[in-house]
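One structure below.
Number of protein chains: 2
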Amino acid sequence: MPRATDTAYETLRRMILSGEAAAGSRLGEAELAETLGLSRTPVREALQRLGADGLVEVLPHRGARVVQWTGADLEEIFELRSLLEPYAAARAARLRPDEPVLAELRGMCAAMERAVADGDLARVAQLNARFHAAVIDASGNRRLPGMLTSVMHAPLIVGTFRRYGADAMARSMNHHRELVAAIAAGDPAWAESVMRAHIRAAAAGLGADQGNQTDEET
Amino acid sequence: MPRATDTAYETLRRMILSGEAAAGSRLGEAELAETLGLSRTPVREALQRLGADGLVEVLPHRGARVVQWTGADLEEIFELRSLLEPYAAARAARLRPDEPVLAELRGMCAAMERAVADGDLARVAQLNARFHAAVIDASGNRRLPGMLTSVMHAPLIVGTFRRYGADAMARSMNHHRELVAAIAAGDPAWAESVMRAHIRAAAAGLGADQGNQTDEET
DNA sequence: GGAGGGAAGATTGCATACAACAGTCCTGGA
DNA sequence: TCCAGGACTGTTGTATGCAATCTTCCCTCC
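Chains as they are written, first to last, in full-length UniProt numbering: chain A, 1 to 218; chain B, 1 to 218.
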């Protein structure tokens, strides 16, 4: 049986990422505790973890709110991603992961392409997050995953793929395939370039490089 | 009056960074609570925050321990720093901070040089951390400070400057001065290059690029 | 009519008590 | 002598109650 804190954390995380807990909405400890059937203590702990992840902001004596992403936030996030993820891809290529890892990456590519064909964008987003996480793990740098969690959440919330056209979506899937090929070939420069193109394309698709405002009032 | 959680967090952070709490040592909640004159609740919360910062590792049902840095850890950390901090320096130069900010940076340079002359290495380390934090803040990216906290702690703990010779120390001080000049001149490429050199020099001084092991058993 | 002050309500912060789990030590058996 | 099993002890995890703080609304005064 998992710890109550973990269940609270996972549940809240899902609620936020799925949009069930709207951006900017208040997260009262007592209310959540009652909803989840727990006491305030593990809920409080989960909220702090979510705060460290950058999914909620907790203010002293004022409770927690789901974060709101502005255009400036997205711009910052994609700049950091286009800095760190190409590095991770290059490292992964240099490390030459063994065949089971590569097979898993290819499997995720295939699953994503099926989800695209089915029009299941939520599943695409989820698989995409797992794919990128796998590449980051394959980099061998054990600090990168933790560093990137905060910036990896944003696209999930904003709903990147919802804004993609058919061509952008196809390009994104091709990037994934090419990235796996570059890593399998052990070519760091290739992997790095593909990943950078992949991130920049995503940023362009969101208009994150133009400083668009997507925030709204509570 | 500050919150008990904050005092616990700050106190524990100082204890870890100063070495008073040795690397690998256990941090029992009850014991700390008694020492600090608080209850377990805020101590527990502080430990989780320190865990998110990467200063301690908390294992379920097994409590918290002060992290131990291996040579591989240092290598990872300096790679990430040499990726992110040059970017921050370039952004700061592009933003052209106003004169008060530049004056503060110059003031910290001067204070550091005085501390070096006095042989007060602890003060040098503290000022150095504040200097780098100021440059990162000047980058304008509000996510960078949080991302870098975990990797900025390591050099403080390991005691970077303790291993510096006179020439390496002088070079480091010159880097700081040159970095301020590059930012003041609004030259991103210059600022980025100086910062990269600065970080690589630090890594070389620690042997972080050679995979040395500095860990030990409890 | 608008601004300032204060009281009431609600919410977070902290302390304490109890429950559950992990590690250790002892005992019994092979 | 060594291994296995189980109780014991100490620690963390969770629940609950109280104190402190913030927010809101209303009343008073300008």
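We put the beta carbon where it would ideally sit given N, CA and C, even for glycine.
Item: For V43 (chain B), tell me which candidate among B:A92, B:V158, B:E10 has the shortest Cα-Cα distance.; Value: B:E10
Item: Quickly, what does DSSP pair G63 (chain A) with across the bridge? List them, please.; Value: A:L59
Item: So what does DSSP say about R26 (chain A), is it helix, strand or coil?; Value: strand
Item: Does any residue of chain A have a CB that is nearer than 8 Å to the CB of L84 (chain B)?; Value: yes
Item: Relative to the C-alpha of L36 (chain B), which residue among B:L156, B:A170, B:M15 is closest?; Value: B:M15
Item: Just to make sure I have the definition right: I need the residues of chain B whose C-beta is within less than 9 Å of the C-beta of Q48 (chain A). Which are they?; Value: E45, Q48, R49, A52
Item: Please report how far the alpha carbon of L95 (chain B) lies from the alpha carbon of A90 (chain A), in whole angstroms.; Value: 30 Å
Item: What number of angstroms, rounded off, separates the C-alpha of G107 (chain B) from the C-alpha of S172 (chain B)?; Value: 16 Å
Item: Start and end of the alpha helix (DSSP H) containing R40 (chain A)?; Value: 40 to 53
Item: Between the segment 140 to 161 of chain B and chain A, which residues of the former have CB atoms less than 8 Å from a CB of the latter, in chain order?; Value: N141, R142, R143, L144, G146, M147, S150, V151
Item: Determine, for L80 (chain B), whether the minimum Cβ-Cβ distance to residues of chain A falls below 8 Å.; Value: yes
Item: Under 6 Å Cβ to Cβ from A21 (chain A), same chain only, skipping five residues before and after it: list those, please.; Value: M15, V66
Item: So which residues on chain A does R196 (chain B) lean against when the C-beta distance must stay under 7 Å?; Value: By Cβ distance, chain A contributes nothing, its closest Cβ being about 13 Å from R196 (chain B), past 7 Å.
Item: Using CA atoms only, rank isn't needed, just tell me which of B:L50, B:V151, B:I136, B:A129 is closest to E75 (chain B).; Value: B:V151
Item: CB-CB under 8 Å to V101 (chain A), same chain, minus the five flanking residues each way: which ones, in chain order?; Value: A134, A138
Item: Taking just the CA atoms, how far does Y87 (chain B) sit from L80 (chain A)?; Value: 9 Å
Item: Leaving aside the five residues before and after L24 (chain B) along the sequence, list all residues of the same chain whose C-beta is less than 7 Å from its C-beta, in chain order.; Value: Rather than Leu, the amino acid found at residue 24 (chain B) in this sequence is Gly. Hits under 7 Å: R65, V66, Q68, T218.
Item: Quick one: grab the DSSP three-state call for P97 (chain B).; Value: coil
Item: Counting only the same chain and skipping the five closest in sequence on each side, list residues whose C-beta sits under 6 Å from that of E192 (chain A).; Value: P86, A89, A90
Item: At which residues does the alpha helix (DSSP H) containing G37 (chain B) begin and terminate?; Value: Segment: none, G37 (chain B) is in no alpha helix (DSSP H) and carries neither H nor E.
Item: Step through the CB atoms of chain B and report whether any lies within less than 8 Å of the CB of I77 (chain A).; Value: yes
Item: Considering only their Cβ atoms, is the gap separating F78 (chain A) from L105 (chain A) smaller than 8 Å?; Value: no
Item: Residue 231 (chain B) to G165 (chain A), Cα distance in whole Å?; Value: No information on residue 231 (chain B) is available, as it lies outside the stretch 1 to 218 that chain B covers here.
Item: Taking the alpha-carbon of L38 (chain A) as reference, which of A:M195, A:T7, A:A52 has the nearest alpha-carbon?; Value: A:T7
Item: Between which two residues does the alpha helix (DSSP H) containing N141 (chain B) stretch?; Value: Element bounds for N141 (chain B): n/a, residue is neither H nor E.
Item: At a Cβ cut of 8 Å, what residues of the segment 167 to 189 of chain A count as close to chain B, listed as they run along the chain?; Value: none
Item: Skipping 5 residues on each side, what residues in its chain have a beta carbon closer than 6 Å to that of A46 (chain B)?; Value: T5, A8, Y9, L12
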